[in-house]
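Trainee: For reference, the structure I am asking about is given below.
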Amino acid sequence: DVEAHYNMGVVLEKQNRLEEAAAHYTEVLRIRPQDTDSHNNLGDIRNQQGKFDEALRHYTDVLRLRPSDTGLYNKIGTILGHQGNPGEAAKYFSEAIRLQPDNAEMHFNLGLALEQQGYFKDAIEKYSKALQLNPDFEKAHYNLGIILARHGDADGSVRHFSEMLRIDPDNEKAHYSLGVNFARQGK
Numbered sequence: 001d002v003e004a005h006y007n008m009g010v011v012l013e014k015q016n017r018l019e020e021a022a023a024h025y026t027e028v029l030r031i032r033p034q035d036t037d038s039h040n041n042l043g044d045i046r047n048q049q050g051k052f053d054e055a056l057r058h059y060t061d062v063l064r065l066r067p068s069d070t071g072l073y074n075k076i077g078t079i080l081g082h083q084g085n086p087g088e089a090a091k092y093f094s095e096a097i098r099l100q101p102d103n104a105e106m107h108f109n110l111g112l113a114l115e116q117q118g119y120f121k122d123a124i125e126k127y128s129k130a131l132q133l134n135p136d137f138e139k140a141h142y143n144l145g146i147i148l149a150r151h152g153d154a155d156g157s158v159r160h161f162s163e164m165l166r167i168d169p170d171n172e173k174a175h176y177s178l179g180v181n182f183a184r185q186g187k
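Every letter in the sequence shown is one number past the one before it in my numbering, and letter 181, counting from 1, is 181.
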């Protein structure tokens with residue numbers, strides 16, 4: 001029974017018994033090849049296992065059936081970025097932003113992809129947009145602080161590392177980066 005296989009897959013996945021869960025999702029797909037939830041869950045399992053090509057296959061199968069699912073664009077873009085294909089990743093993040101323009105994480109991820117390609121001005125713009133949408137987005141403050149420091153804007157860099165410390169006073173990366181920045185300035 002399809003529902004029993006799907007539900008068993010969910011239970012096993014929650015127990016971190018990934019191969020057993022994958023077998024149940026695969027059985028669902030044998031019976032019902034268009035089952036988007038099973039494709040998505042199988043993609044998540046393969047992604048966790050580092051089997052990125054297989055994860056991408058499942059995510060793109062779902063995307064064909066659910067073309068407005070911003071989470072899928074994010075998952076695909078993230079994998080492509082990790083595989084060293086930031087240009088292709090940027091296309092997926094851009095589409096996610098088109099569908100959901102107020103999503104800070106998507107702007108941040110597009111910023112990462114742009115930064116990886118050397119488009120620093122565009123990356124700064126995307127990190128700034130992420131912070132406009134979510135002022136407490138620590139990773140965006142960090143990445144923006146790093147880029148600004150590398151491009152000679154020490155004051156801007158200090159401002160973002162200080163914001164990180166306001167959000168999380170124990171953030172070691174912020175303390176270290178702020179210290180390095182001050183040392184470069186001779187403070």
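All residues carry an ideal CB built from backbone N, CA and C; glycine is no exception.
(1) Starting from the C-beta of Met164, find all residues in its chain whose C-beta is less than 7 Å away, skip the five residues before and the five after it, and write them out in chain order.
(2) According to DSSP, simplified to helix, strand and coil, what is Arg66?
(3) Please say whether Leu72 and Leu63 have beta carbons closer to each other than 7 Å?
(4) Please go through the same chain and pick out, in chain order, the residues whose beta-carbon is closer than 6 Å to the beta-carbon of Glu20, but skip the five residues on each side of it.
(5) Can you grab the Cα-Cα spacing for the pair Arg46 / Thr26, in whole Å?
(6) To the nearest angstrom, report how far apart Asn134 and Asn85 are at their CA atoms.
(7) In the structure shown, what three-state DSSP assignment does Tyr119 receive?
(8) Mapping the DSSP letters down to three states, classify Arg166 as helix, strand or coil.
(9) With respect to the alpha helix (DSSP H) encompassing His5, which residues constitute its N-terminal and C-terminal limits?
(10) Can you give me the Cβ contacts of Leu111 inside the same chain, cut-off strictly under 6 Å, excluding the 5 residues immediately before and after it?
(11) Taking DSSP as the reference, what is the three-state secondary structure of Pro135?
(12) Leu80 to Phe182, Cα distance in whole Å?
(13) Closest Cβ-Cβ distance between Arg57 and chain B: below 7 Å?
(14) If you drop the 5 nearest sequence neighbours on each side, which residues of the same chain put their C-beta closer than 7 Å to that of Ile31?
(15) Classify His151 as helix, strand or coil using the three-state DSSP reduction.
(16) Tell me which same chain residues have a C-beta within less than 6 Å of the C-beta of Thr70, skipping the five on either side of it?
(17) Give the range of the alpha helix (DSSP H) segment to which Asp194 is assigned.
(18) Under DSSP, the alpha helix (DSSP H) around Asn181 begins and ends at which residues?
(19) Mind checking Lys121: buried by the 16 CB within 10 Å criterion, or exposed?
(20) Do you know offhand how far Gly186's Cα is from Val180's?
Mentor: Here's the rundown:
(1) For Met164, where only same-chain residues beyond five positions count, the Cβ hits under 7 Å are Glu138, His141, Tyr142, Asn171, Ala174.
(2) coil
(3) yes
(4) Leu12
(5) 12 Å
(6) One alpha carbon belongs to Asn134, the other to Asn85, and they sit about 27 Å apart.
(7) coil
(8) helix
(9) 2 to 14
(10) The residue asked about is misnamed: residue 111 is Gly in this sequence, not Leu. The residues are Ala123, Lys126, Tyr127.
(11) Note: Pro135 maps to coil in three-state DSSP.
(12) 36 Å
(13) Of the protein chains in this structure there is only one, and it is not chain B.
(14) Around Ile31: Val2.
(15) DSSP places His151 in coil when its eight states are reduced to three.
(16) Excluding residues within five positions, the ones whose Cβ falls inside 6 Å are Ala96, Leu99, Gln100.
(17) This structure does not reach residue 194, given that the chain is present from 1 up to 187, and the question cannot be answered.
(18) 172 to 185
(19) exposed
(20) 10 Å
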